[in-house]
C-alpha cells in the first residue's frame, strides 16, 4: 500500500479541546481570495461546530 502524506484524515481525538464531536475535514489553503482561478492545496484540519483546529 502506498501512503501519501496528507491524503488520509488524521485522528482528531482531543484536538478540539472539550468540543464534541471533533471530526476531520479538508480545507483549502487560500492566500489571496481575489484570484479565484489559482489552484489551492487542501489540508486536513479538525472541526467541531463552526470552529476549525490545526491537528
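Numbering (this note's numbering), first residue to last: 9 to 63. Idealized CB from N, CA, C, for every residue including glycine. These numbers come from a predicted model, not from an experiment.
Residue 18 and residue 56 closer than 9 Å at C-beta:
no
Please report how far the alpha carbon of residue 9 lies from the alpha carbon of residue 25, in whole angstroms.
Residue placement at residue 9 cannot be trusted, given a pLDDT of 48 that sits under 50; what the coordinates show is reported in the next sentence. Taking the straight line joining both Cα atoms gives about 33 Å.
In angstroms, rounded to a whole number, what distance separates the CA positions of residue 37 and residue 30?
A direct Cα-to-Cα measurement between residue 37 and residue 30 gives close to 20 Å.
Tell me the DSSP secondary structure of residue 49 in three-state form.
coil
Taking the straight line between their C-alpha atoms, what separation do you get for residue 23 and residue 33?
13 Å
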